[in-house]
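S.K.: My questions all concern the structure below.
Protein chains in written order, with the working numbering: chain U, 3 to 443; chain F, 4 to 812.
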């Protein structure tokens with residue numbers, strides 16, 4: 003049971019406030035923000051209490067999504083609902099930011115009104131909700147030259163339009179109704195890796211959490227079939243096909259997915275509703291089919307001048323055709339490090355000492371498979387002792403691997419029925435993120 | 004939020020709203036209303052525009068209607084009279100052919116929350132329950148709940164309740180679930196909606212039609228159901244099995260809650276259910292949403308209390324990601340500590356070591372504390388890491404390490420050598436008072452082994468004038484006194500200076516009194532001082548209790564799937580540092596379970612001071628037979644291994660039935676009637692025993708049969724030349740008393756421990772045996788033999804057991 007729901011910006015501005023039961027006072031928003039700002043840590047605890055008022059909040063899109071509730075309500079339900087609410091807002095407004103929430107507040111009030119009544123969650127299905135929601139979304143797309151580049155001479159389609167622009171999926175679902183927007187469907191395979199590599203280069207832990215998401219802008223789509231790799235196998239013992247198996251440990255599906263063809267042909271059947279939904283989730287622990295994407299070879303020493311020398315070689319073990327983008331290595335350095343001098347192997351890389359997080363951040367915008375990059379960092383650390391070298395380590399890597407899945411899962415085909423009238427576009431996108439990629443030194 | 008120009012905005016908007024040109028242009032009208040709502044949600048007081056907005060309500064534009072309703076519901080309570088004007092429009096809308104308009108009107112009619120409007124609302128609500136559109140029925144059902152809460156004092160309308168019960172059979176699942184919710188609210192005083200067999204089976208059959216929110220609600224309501232037979236129970240459980248492993252965490256948690264409440268009488272089934280949710284819970288731990296991860300982690304902590312080994316193989320899942328927020332990292336470390344075993348300890352410590360230099364000081368301290376906890380079972384490896392961390396010379400790390408070491412030595416005295424060695428030189432980096440207190444305690448207790456201890460203390464004493472912390476001063480006094488006892492030559496001078504300062508110049512009463520006390524104590528002589536100051540250095544009992552007994556599921560089942568496990572306070576406070584261990588280790592728990600009678604007067608008599616007599620008037624057996632004052636003591640401490648060796652050795656000798664007379668130990672069995680003792684929590688039993696200086700070494704978990712406790716103590720009678728060691732076992736089998744008697748008879752017949760079983764004891768024993776069928780068998784071994792002391796001990800033990808027992812009853 004939810005008493006109130008409110009959305010706050012990170013600076014504490016009230017964006018949305020709705021009181022469902024009128025039981026607790028109006029000052030709840032102020033109380034919550036005071037509690038948040040009184041804390042020093044990086045993120046306030048998920049549950050906070052104040053005089054019998056219980057706040058549960060999640061952070062999404064840089065905003066606080068807060069519900070006040072009673073002590074005996076289920077945290078799983080409330081957190082899931084807040085996440086679902088933010089996903090709905092994202093579906094309806096196109097993107098999730100302070101600005102988009104501000105511009106679409108009428109729509110969000112409408113959504114809240116239909117989704118929750120008297121503190122009880124009624125529905126969060128976008129199929130049901132779309133019948134009730136009347137307000138049009140206002141989307142704020144920044145003007146960008148890249149959008150123009152897709153249009154060729156005299157409006158002819160160019161080669162580039164075969165790749166979906168990254169902003170293609172950030173648009174409101176409803177606008178298609180009036181503007182006759184493109185009927186598109188996106189199937190995203192998203193994986194998150196968490197890896198720990200020991201100081202001797204041994205792989206200590208490698209987990210992959212993956213999901214298949216469908217984002218649907220089709221006005222009418224009765225059925226959709228997604229074919230996965232034939233050799234996709236679940237669990238340790240099962241083996242399928244002749245090629246290298248694509249193996250995961252556990253799989254779970256959305257309840258609308260029909261699995262009658264899954265066992266024989268690895269086909270998922272579903273009727274997608276508008277907006278974004280998770281079709282399948284899977285996990286793989288400790289058994290990556292290929293080598294981990296990055297290896298680090300560090301040399302760390304003190305030079306004669308009392309400076310800390312870090313010579314890092316970073317190797318990318320992806321296949322040569324693939325590349326990692328937005329790679330950032332975070333290297334913790336001893337407390338009191340003053341200044342950094344750096345030697346990097348190419349001009350597009352950058353490195354910077356961040357004193358408040360006590361780390362050097364080395365950024366590589368693009369890193370092609372098979373390459374090896376090196377960097378030399380010299381740090382001024384007053385009073386550097388040999389024990390201080392212990393403070394250097396473990397290196398955290400964040401990156402994105404487009405067009406690649408760590409498990410090797412692929413979408414074989416994507417069929418829609420009935421065959422869509424008019425031009426419809428189907429996009430399949432793969433991406434692997436680093437959830438936590440740690441290399442010990 | 005104060006908003007500059009608020010007055011101005013209100014005036015401007017009022018002008019626009021009443022402008023006929025605006026009113027005639029639908030788009031402009033809507034935009035003006037949008038501005039009003041925007042200002043309202045930013046916190047500007049817009050209540051002045053109420054009458055204008057009431058007018059705007061009468062429109063065919065649904066979007067505008069919705070906006071106006073948002074406004075009206077927020078300000079209705081401030082303008083009850085004007086709200087009456089809206090009712091007409093709303094009632095008209097309730098007749099609208101469009102179901103969406105009908106439901107909108109009905110919902111907002113009930114959302115106005117004005118008691119004065121109730122009479123106008125009832126008729127449309129009654130009609131709404133029979134509306135052909137499901138969305139109207141949904142609203143109408145909840146409307147009754149809102150209405151009931153508005154006028155809580157009024158009687159419950161039986162017709163409405165009947166109607167709601169019949170709507171449980173509504174074809175729309177949301178209407179069904181809303182009926183449950185409404186009935187729960189309306190019938191709150193009667194304990195909520197009636198959950199009988201037909202309703203339960205109906206709800207279970209329709210569970211699959213509901214969405215996840217509806218399922219959670221149904222599962223929650225069903226918790227009140229009690230199946231009539233075991234077959235029915237298992238039918239329900241097998242029906243729900245699929246939900247238990249649902250990929251949606253809310254359903255999984257609600258189902259497990261239901262399982263636990265249905266199977267409260269069948270612990271084995273509950274445990275099997277916990278095993279089953281391991282997969283989904285672990286998946287939730289890796290969820291993309293941090294908040295969901297956190298929730299899952301907190302609930303895993305609950306599960307681990309009952310099945311400590313549940314997640315053993317999956318310990319890697321609890322390694323911290325470097326970008327995770329501190330609150331998740333700290334929970335993960337708490338889980339990791341629980342999962343440690345021989346195979347993974349090296350990996351785990353390696354991982355934890357990495358967190359010790361975390362940029363967040365709290366995370367670093369939590370990691371160090373976690374290593375200390377693991378150190379209770381794997382002390383060598385952990386001490387190596389902790390000592391290495393001291394080399395970093397960082398104040399927050401050093402402070403955490405010293406505190407952790409203090410806690411570790413208290414539990415594992417065998418670590419003291421390494422710790423003493425590591426202490427040298429770390430006083431320079433210590434800044435905070437907690438860390439310095441810990442260092443002083445260690446220097447006081449182990450001063451004779453730290454060569455630089457007097458010099459370190461001298462630095463503290465020289466700086467005592469500028470010392471701000473009360474705790475540090477108190478600890479400094481005690482530490483200096485203790486050091487003086489073992490190294491008088493080096494410490495005498497500085498002790499004099501410290502006492503002089505504290506008595507003459509110190510303004511704080513506490514410190515001054517403490518100093519005066521020590522000063523007078525020194526006047527009484529060195530032996531007296533030693534007796535008072537040299538307390539225990541460690542608490543070996545905790546070492547054994549580390550492998551916490553698995554708690555029964557019922558201990559936490561009620562708080563599962565509530566906000567309780569997520570609270571800050573529910574994090575074990577043990578990791579938070581505090582004063583000296585001997586003052587605090589047992590503070591929180593005994594208070595909860597123990598009567599004050601036990602820890603005040605009675606103990607005063609029993610306790611070790613010279614004039615204390617162990618015979619207690621309330622203990623009727625053996626009351627007269629003990630004359631000499633008896634005192635118990637825990638020193639020298641006995642390790643569990645040593646205990647086991649002695650116990651088995653004596654058992655073996657006893658079994659041989661050899662020449663009993665020649666041995667220097669005796670054997671005694673006794674039955675004490677205290678039926679509720681086996682249900683006592685180990686903590687309270689242990690605390691009670693410690694008050695009279697009896698050390699408990701090992702327990703079986705409460706409520707299990709046979710229930711056993713092993714304990715030991717040393718006795719010294721005032722007139723006896725030496726102390727004796729007593730080992731004991733409490734055994735409760737739950738069997739018939741005759742059996743125990745027969746056993747006892749054969750035992751003393753066979754061995755013939757002459758003199759112990761004097762007439763009086765026998766009578767006492769028999770009296771207890773036929774009095775109650777639940778007797779705890781006490782088996783005692785004494786070495787060397789001293790009958791008087793043994794009887795004295797037995798009477799003390801009996802007193803404690805009786806007190807605890809009456810406490811429980």
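Using N, Cα and C, we set each Cβ at its ideal position, and we do this for glycine too. Quick caveat, the model's predicted, so the values are computed rather than measured.
(1) Could you check whether residue 105(F) and residue 136(F) sit closer than 8 angstroms to each other, using their CB atoms as the reference points?
(2) Take residue 112(U) as the anchor and find which of 134(U), 101(U), 97(U) has the nearest alpha-carbon.
(3) With 8 angstroms set as the bound, which would you pick, yes or no: does the beta-carbon of residue 206(F) sit closer than that to a beta-carbon of chain U?
(4) Check each residue of the segment 217-245 of chain F: if its Cβ is closer than 7 angstroms to any Cβ of chain U, include it; give the result in chain order.
(5) Taking the C-alpha atoms as reference points, what is the distance between residue 176(F) and residue 46(U)?
(6) Quick check on this structure: which residue in 41(F), 115(F), 314(F), 332(F) has the alpha carbon closest to the alpha carbon of residue 85(F)?
(7) Identify the contact partners of residue 2(U) in chain F, using a Cβ-Cβ distance below 7 angstroms as the criterion.
(8) Contact between the segment 207-223 of chain U and the segment 279-298 of chain U is defined here as three or more beta-carbon pairs at a separation below 8 angstroms; is this criterion met?
(9) Under the assumption that residue 289(F) contacts residue 209(U) (Cβ atoms under 8 angstroms), give the Cβ distance between them as a whole number of angstroms.
(10) Contact criterion: CB-CB distance below 8 angstroms. Does residue 94(U) meet it with respect to chain F?
(11) Which of helix, strand or coil does DSSP assign to residue 433(F)?
(12) Can you tell me whether residue 154(F) is buried or exposed, with buried defined as 16 or more other CB within 10 angstroms of its CB?
(13) Taking a Cβ distance cut-off of 7 angstroms, strictly less, list which residues of the segment 34-64 of chain F are near chain U, in chain order.
(14) To the nearest angstrom, report how far apart residue 347(F) and residue 340(F) are at their CA atoms.
(15) Within 8 angstroms of any Cβ in chain U, is that where the Cβ of residue 790(F) sits?
(16) Can you give me the C-alpha to C-alpha distance between residue 502(F) and residue 485(F), rounded to a whole angstrom?
(17) Can you list, in chain order, the stretches of the beta strand (DSSP E) that have 3 or more residues and sit fully within the segment 339-369 of chain U?
(18) Taking the alpha-carbon of residue 831(F) as reference, which of 673(F), 710(F), 715(F) has the nearest alpha-carbon?
(19) In the structure shown, what three-state DSSP assignment does residue 23(U) receive?
(20) If you drop the 5 nearest sequence neighbours on each side, which residues of the same chain put their C-beta closer than 7 angstroms to that of residue 70(U)?
(21) Report the CB separation of residue 70(F) from residue 89(F) in whole angstroms; it is logged as a contact under 8 angstroms.
(22) With a CB to CB cut of under 7 angstroms and the five nearest residues on each side skipped, what residues in its chain are close to residue 225(U)?
(23) Check distances from the C-beta atoms of the segment 291-324 of chain F to those of chain U and list, in chain order, the residues that come in under 9 angstroms.
(24) Quick check on residue 69(F) - is its C-beta less than 8 angstroms from some C-beta in chain U?
(25) Using a Cβ cut-off of 8 angstroms (strictly closer), state whether residue 481(F) contacts chain U.
(26) Measure from the alpha carbon of residue 275(F) to the alpha carbon of each residue in 192(F), 292(F), 309(F), 162(F), then state which is nearest.
(27) For a contact defined as C-beta to C-beta under 8 angstroms, what are the partners of residue 186(U) on chain F?
(28) Rounded to whole angstroms, what is the Cα-Cα separation between residue 82(U) and residue 252(F)?
(29) Measuring alpha carbon to alpha carbon, tell me which residue in 223(U), 436(U), 397(U), 413(U) is nearest residue 315(U).
(30) Give the interface partners of residue 149(F) over in chain U, defined as CB-CB distance under 8 angstroms, in chain order.
(31) Does DSSP put residue 126(U) in a helix, in a strand, or in coil?
(32) Counting only Cβ pairs nearer than 8 angstroms, list the residues of chain F close to residue 73(U).
(33) Could you name each continuous alpha helix (DSSP H) segment of 4 residues or more that falls completely within the segment 137-180 of chain F, going from the start of the chain to the end?
(34) Cβ of residue 125(U) within 8 angstroms of Cβ of residue 48(F)?
(35) What residue range does the alpha helix (DSSP H) around residue 301(F) cover?
(36) Any beta carbon of chain F sitting closer than 8 angstroms to that of residue 56(U)?
M.R.: Judging by the given coordinates:
(1) In the second chain, residue 136(F) corresponds to position 133, counting from 1. In the second chain, residue 105(F) corresponds to position 102, counting from 1. Yes.
(2) As a first step, residue 112(U) must be located in the first chain, where it is residue number 110. The shortest C-alpha separation from residue 112(U) is found at 134(U).
(3) Taking the second chain and counting its residues from 1, the one referred to as residue 206(F) is at position 203. No, residue 206(F) lies away from the interface with chain U (no Cβ there is under 8 angstroms from its Cβ).
(4) 219
(5) Within the second chain, numbered from 1, the residue matching residue 176(F) stands at position 173. Within the first chain, numbered from 1, the residue matching residue 46(U) stands at position 44. Distance between the alpha carbons of residue 176(F) and residue 46(U): 37 angstroms.
(6) Within the second chain, residue 85(F) is the residue found at index 82, counting from 1. Ranking the options by Cα distance to residue 85(F), first place goes to 115(F).
(7) Residue numbering for chain U in the displayed model covers 3 to 443; residue 2(U) lies beyond these limits and cannot be assessed.
(8) yes
(9) Stepping through the second chain from its first residue, residue 289(F) is reached at position 286. Stepping through the first chain from its first residue, residue 209(U) is reached at position 207. Between residue 209(U) and residue 289(F) the Cβ distance is about 7 angstroms, and since that is below 8 angstroms, they are a contact.
(10) Position 92 of the first chain, counted from the start, is the residue given in the question as residue 94(U). Answer no: the Cβ-Cβ gap between residue 94(U) and chain F never drops below 8 angstroms.
(11) The count along the second chain starts at 1 and reaches residue 433(F) at position 430. Coil, per DSSP.
(12) Against the second chain, residue 154(F) aligns to sequence position 151. Answer is exposed; the Cβ neighbour count stays below 16.
(13) 37, 40, 41, 44, 45, 46
(14) Sequence index remark: in the second chain, residue 347(F) carries index 344 (1-based). Sequence index remark: in the second chain, residue 340(F) carries index 337 (1-based). Cα to Cα, the separation comes out at about 11 angstroms.
(15) Here residue 790(F) refers to the residue found at position 787 when the second chain is read from its first residue. Cβ-Cβ to chain U under 8 angstroms: no for residue 790(F).
(16) Numbered from its first residue, the second chain carries residue 502(F) at position 499. Numbered from its first residue, the second chain carries residue 485(F) at position 482. Residue 502(F) and residue 485(F): Cα-Cα distance of roughly 14 angstroms.
(17) 341-346, 352-356
(18) Here chain F comprises residues numbered 4 to 812, so residue 831(F) is not present and cannot be evaluated.
(19) Locating residue 23(U) in the first chain gives position 21, where the first residue counts as 1. In this structure, residue 23(U) counts as coil in the three-state DSSP scheme.
(20) Here residue 70(U) is taken as the residue at index 68 of the first chain, counted from 1. Cβ within range, chain order: 5, 6, 26, 30, 55, 56, 57.
(21) Locating residue 70(F) in the second chain gives position 67, where the first residue counts as 1. Locating residue 89(F) in the second chain gives position 86, where the first residue counts as 1. With a Cβ gap of about 14 angstroms, residue 70(F) and residue 89(F) do not count as contacting.
(22) Working through the first chain from its first residue, we reach residue 225(U) at position 223. Closer than 7 angstroms at the Cβ level, and outside the excluded window around residue 225(U), lie 271, 273, 419.
(23) 291, 292, 293, 294, 295, 297, 298, 299, 301, 302, 317, 319, 320, 322, 323, 324
(24) On the second chain, residue 69(F) is found 66 positions in, with the first residue counted as 1. Yes - at least one Cβ of chain U is within 8 angstroms of the one on residue 69(F).
(25) What you label residue 481(F) is simply residue 478 of the second chain in a count that begins at 1. So no, residue 481(F) is outside the interface.
(26) Numbered from 1 along the second chain, position 272 holds the residue referred to as residue 275(F). Comparing Cα positions, the closest option is 309(F).
(27) For the purposes of this step, residue 186(U) is taken as residue 184 along the first chain, with counting starting at 1. The contacting residues do not exist; residue 186(U) stays about 24 angstroms from chain F at best.
(28) For this step, residue 82(U) is matched to residue 80 along the first chain. For this step, residue 252(F) is matched to residue 249 along the second chain. Distance between the alpha carbons of residue 82(U) and residue 252(F): 8 angstroms.
(29) Mapped onto the first chain, residue 315(U) falls at position 313. For the residues 223(U), 436(U), 397(U), 413(U), the minimum Cα distance to residue 315(U) belongs to 397(U).
(30) As a working mapping, residue 149(F) is identified with position 146 in the second chain. Per Cβ cutoff of 8 angstroms: 120.
(31) For this step, residue 126(U) is matched to residue 124 along the first chain. If DSSP states are grouped into helix, strand and coil, residue 126(U) belongs with coil.
(32) Taking the first residue of the first chain as position 1, residue 73(U) is located at position 71. Ordered by position in chain F, the residues that pass the 8 angstroms Cβ test against residue 73(U) are 565, 566, 567.
(33) 137-153, 161-170
(34) Here residue 125(U) corresponds to residue number 123 of the first chain, with the count starting at 1. Here residue 48(F) corresponds to residue number 45 of the second chain, with the count starting at 1. For residue 125(U) and residue 48(F), no; Cβs fall outside 8 angstroms.
(35) Residue numbering aside, residue 301(F) sits at position 298 when the second chain is read from its first letter. Per DSSP, residue 301(F) belongs to the alpha helix (DSSP H) from 293-309.
(36) Along the first chain, one-based indexing puts residue 56(U) at 54. At least one chain F Cβ lies under 8 angstroms of residue 56(U).
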